[in-house]
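Numbering (the working numbering), first residue to last: 221 to 315.
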């Protein structure tokens with residue numbers, strides 16, 4: 221996009237100057253909107269990544285706990301009771 225500098229703008233009549241200012245404002249608004257959208261996207265992506273990391277950490281810890289409980293001879297019913305896992309979650313943790 222080509223912009224006019226101060227002396228060029230001064231040569232314009234009132235309507236042309238107004239149109240120039242409006243065009244420049246629209247351009248700046250669009251740039252600001254794009255920058256805000258990128259910033260929001262990064263923030264949301266970071267939050268989603270952190271949440272996924274927390275969930276993966278909890279799942280990994282649950283697998284460790286299940287492995288330790290099984291290694292110590294606890295039965296499935298006891299493990300289900302103490303961990304709060306569903307039967308399918310317990311089965312996937314055993315793998």
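Backbone N, C-alpha and C define an ideal beta-carbon position, used for all residues, glycine too. The structure presented is a predicted model; accordingly, all values stated were derived computationally and were not measured.
Suppose the cutoff is 8 Å on Cβ atoms and the five residues either side in sequence are ignored; what does the same chain contact list for residue i look like?
i           : result
residue 299 : 286, 289, 290, 305 and 310
residue 229 : 237 and 240
Within 10 angstroms of the Cβ of residue i, are there 16 or more other Cβ atoms? Answer buried if so, exposed if not.
i           : result
residue 313 : buried
Using a Cβ-Cβ cutoff of less than 6 Å, which residues in the same chain neighbour residue i once the five nearest sequence positions on both sides are dropped?
i           : result
residue 318 : This structure leaves residue 318 out entirely; the chain is present only between 221 and 315.
residue 233 : none
residue 273 : none
Who are the near neighbours of residue i in its chain, counting only those whose CB is closer than 7 Å to its CB and skipping five residues on each side?
i           : result
residue 283 : 313
residue 303 : 282, 285 and 286
Using a Cβ-based criterion (distance less than 7 Å to any ligand heavy atom), does residue i qualify as near the ligand SAM?
i           : result
residue 265 : Of the ligands one can find in the structure shown there are none, so the ligand SAM has no counterpart to examine.
Identify every run of the beta strand (DSSP E) within the segment 248–284, keeping only runs that are complete inside it and at least 3 residues long; order them along the chain.
none
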